[in-house]
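Here's the structure we're looking at; comments come further down.
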Amino acid sequence: MIFFLVFGVSIGISIGLANIGFSQQLNNILDAGLGFSMPVSVLLYFILYKKFNLKEILNQLGLRRSGLSPKMIGIGLLIFLVIFLLDLAVSLVSSVLHTQINTNIGVLLGGSPLWFYIFAAVIEPINEEVLFRGFAVPRLGIVISALVFGLLHAGYNSTFGVEIIAAFIFGIIAGYAFKKTKSLYPPIIAHILVNSIAVIALL
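Our numbering puts the sequence shown at residues 1 to 203.
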């Protein structure tokens with residue numbers, strides 16, 4: 001419980017600072033700092049509280065070297081395909097109803113340096129999966145961890161809160177996959193693909 005309190009305070013401070021109106025570069029640094037605080041917090045918990053060594057930590061998180069199998073890659077691709085099809089469905093509804101549904105990811109990433117695009121596409125998904133699936137799902141359950149994950153996307157200010165809903169749905173699917181496979185590889189692969197597509201679309 002102390003872990004979640006400390007991490008929640010750090011998230012609140014980071015989001016508050018990011019919304020003050022700093023320069024894009026400082027916002028990028030704050031976002032990256034928040035991203036890295038996720039796996040660091042998890043590691044500190046396992047090392048200082050549970051007294052786990054690195055092998056035990058990787059086992060707990062479902063990141064065993066032998067775990068990256070063709071089956072796990074296939075499951076990750078399947079999760080990505082489901083999310084991609086949902087995104088296409090939203091675009092179709094938007095087109096049919098002549099309603100602009102903005103995700104505002106362009107606002108968040110627009111004007112960012114190349115390193116931040118790479119961070120958002122590859123590193124941030126790993127950070128988030130370590131915390132929200134590898135750490136939170138066994139302790140909070142699939143639904144609550146997905147809900148928290150979704151609410152953290154509220155800062156996107158998307159139309160109808162579509163980013164919150166999309167992140168929640170992804171959290172449910174990724175959490176279920178993690179619980180069933182005991183591997184973090186499928187959610188990480190899917191998350192990297194989802195973010196990479198968004199970044200490539202912007203570029």
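Just so you know, even glycine gets a beta-carbon here, dropped at the ideal spot from N, CA and C. Here the structure is a predicted model, which means the values were calculated and not measured.
Helix, strand or coil at residue i [DSSP, three-state]
i, result
"L34", "helix"
"A18", "In this prediction, A18 has a pLDDT of 49, which is less than 50 and means its spatial position is unreliable; nothing more can be read from the coordinates."
"F80", "helix"
"R288", "Residue coverage of the chain in this structure runs from 1 to 203, which leaves residue 288 outside it and unanswerable."
"G150", "helix"
"P113", "coil"
"T99", "coil"
"S183", "coil"
"N27", "helix"
"F119", "helix"
"F52", "coil"
"L203", "coil"
"I175", "Reading the sequence as shown, one finds Gly at residue 175 and not Ile. In the structure shown, G175 sits in a helix (DSSP, three-state: H, G or I)."
"G134", "helix"
"G141", "coil"
Pair within 7 Å by beta-carbon distance, residue i and residue j
i, j, result
"G76", "I189", "yes"
"F149", "A177", "no"
"V42", "F135", "yes"
"L63", "L184", "yes"
"I142", "G111", "no"
"I173", "I79", "yes"
"M38", "L152", "no"
"I192", "V122", "yes"
"G171", "A146", "yes"
Residue i versus the options, residue with shortest Cα-Cα distance
i, options, result
"T181", "L131, L88, L97 and V137", "V137"
"V82", "P186, V199, L203 and L202", "P186"
"G35", "I126, I57 and F84", "I126"
"L30", "V130, F116, H191 and S91", "F116"
"P113", "I200, A201, L202 and N28", "N28"
"I197", "Y49, I118 and K71", "I118"
Rounded distance between the beta-carbons of residue j and residue i, thought under 8 Å
i, j, result
"E124", "N195", "7 Å"
"L86", "I169", "7 Å"
"V162", "V90", "7 Å"
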